[in-house]
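First the structure, in the form of structure tokens, and then the observations on it.
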Amino acid sequence: MELLVSVRSGAEVEPALTGGADIIDAKEPARGSLGLVSDAVLAEILAEVPEDQALSIALGDFSEPDDVLAAITARPLPARHGPLYFKLGFVGVGERDRLEMMIATAVAASEWHQASPRIVVVAYADGVRTETASPDTIRQIAAERGAAGVLLDTCIKDGRGLFGWMDPLALELWVERSRDAGLLTALAGGLKLDDIERVSSAAPDVVGVRGAACDGGRGGRVNAGRVRALRDRVRPSSGSVQGTVFPAGAMDGETRDPGDFKLW
């Protein structure tokens, strides 16, 4: 299991890495669960993350395929030696057809991107509060449309974390089914230090944190000591997620011309 730590500035990268983070995640918590950092802040973060280090970028929540395409193509990042992940959510979208179109668009756009990002689709354990498709539905579509992975998170950060919405057995089953579908699996959602052991029991590939890694909570600043304490509790995996090749491909396995994206 690898530890993902969300940072909101270049200055937070060093303490995250010193504490033992495996994946650096660029995210602005003030803008929501998948808050996009500004271009200037992203440049600062990129300058501090070694090229062979895994990097994740939260792009936000989407409701239209055109917006998904614009978000991915608007980030002409350089190619990296380490893996790059783009995270996308779909707050308020429950229609299967629209979800299929957006996820297929994201996967196809990633194949044309010079940095070859891997698409991680975000499901919300508290999606009932935001009229978002269920985690099971998101998982199924992510696998069918060629996404690299799925992240189960919470959308509304009000202190009721992941275990406030799903019990450990349900989490284990969701992770197992996601892995059986060939997806990278990740869990997050207001996780605290004492939650890590229960998360480890579900055996996801990645566990993600923000508030637990910071002095002052989610809106505070990443502290190396807090990250190290989390790292010490994360159960080691048999292999690194970073070196794994995950399934990716355009819809139905076809390679599409960029001009075809809007037709999906």
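When the count follows the working numbering, it moves up by one through the sequence shown with no breaks and lands on 276 for the last residue.
For glycine and all other residues, C-beta sits at the position ideal for the given N, C-alpha and C.
None of the values given here were measured: they were computed from a predicted structure.
In the DSSP assignment, L54 falls within the alpha helix (DSSP H) that extends over 51 to 60. No Cβ-Cβ contact shorter than 7 Å links T197 with R189.
Residue pairing of C226 in beta bridges, as defined by DSSP: V234. Non-local beta-carbon contacts of T30 in its own chain, meaning distances under 7 Å to residues more than five positions away in sequence, involve A236 in chain order. For I168, no alpha helix (DSSP H) run applies, since DSSP gives it neither H nor E. Annotated as distal: L58 and D34, with beta-carbon spacing of 7 Å or more.
Residue pairing by DSSP places A135 opposite L164 in a beta bridge.
By alpha-carbon distance to F175, the top candidate from S213, L203, A225, L89 is L203. Taking each of A52, Q65, A91 in turn and checking the Cα distance to P129, the smallest one comes out for A91. When the beta-carbon positions are compared, A38 and V25 stay at least 7 Å from each other. For S213, the number of other beta carbons within 10 angstroms of its own is below 16, and it is reported as exposed. At a Cβ-Cβ threshold of 7 Å, A160 and I115 do not count as neighbours. Here V133 is buried, its C-beta having at least 16 other C-beta atoms within 10 Å. Rounded to whole angstroms, the separation of the alpha carbons of I69 and L111 is 20 Å.
DSSP places D79 inside the alpha helix (DSSP H), whose first and last residues are 77 to 85.
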